[in-house]
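S.K.:
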Amino acid sequence: MKQVANMTGTVGRVRRFSILVVTGNKKGLMSVALAKAIDARTALRKARNRSIKKLRFVERFEGGQCFTTFTIKLIRRMSSWSGNRKQEHQAFPHVLASPKTQPVRTEVDRVGDREELRFPQLYMDGRVRLRKPKNPPFYTKLPSWEKKLKEMEITRNHRQILE
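Going by full-length UniProt numbering, the first residue of the sequence shown is number 1, and it counts up by one from there.
1. Can you give the Cα-Cα distance for P137 and R41, rounded to whole angstroms?
2. If I follow the unbroken alpha helix (DSSP H) through L149, where does it start and stop?
3. M7 to F17, Cα distance in whole Å?
4. For I19, count neighbouring C-beta atoms within 10 Å of its own C-beta (all shown protein chains included) and say buried if the count is 16 or more, exposed if not.
5. Which residues mark the beginning and the end of the alpha helix (DSSP H) in which I52 is found?
6. Should S144 go down as buried or exposed, given a rule of 16 or more other Cβ atoms within 10 Å for buried?
7. Does the separation of the CB atoms of A33 and A43 fall below 7 Å?
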């Protein structure tokens, strides 16, 4: 259970509870659900009801626990593993290839005329990201700014002359 409090200008401190519920029967039937509510009891009830709807069966290896299966799958999703995974290696990754030890081509004369070296052209199918120009400050549109520029025009290069 996690309690989060936000301060608002009109209401003041507003509390909210977030509850993660894991249910199961220790025989392979399990579910996980998350619920949020203003009241802790309401959040607990909502999380329990959601977890009942999400029940699923997980096969266990030789009647044992399935924690290792879940952790390996979660770590694989978070870190994007890739490689050769055989049962002989107990599903641990095996390096199939490694980067070349030769230097990367950077000279223009060794690169062909038809080869494209820019990243957007290679990996974004020729599309280029739109970069909007930076907006000028608001005061440049005011008449007082024009007046200031006219006043500064007299002393425009005086610092360079004095140095």
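In this text, a Cβ means the ideal position worked out from N, Cα and C, and glycines have one as well.
M.R.: With the given structure in hand:
1. 52 Å
2. 143-152
3. 15 Å
4. buried
5. 40-53
6. exposed
7. no
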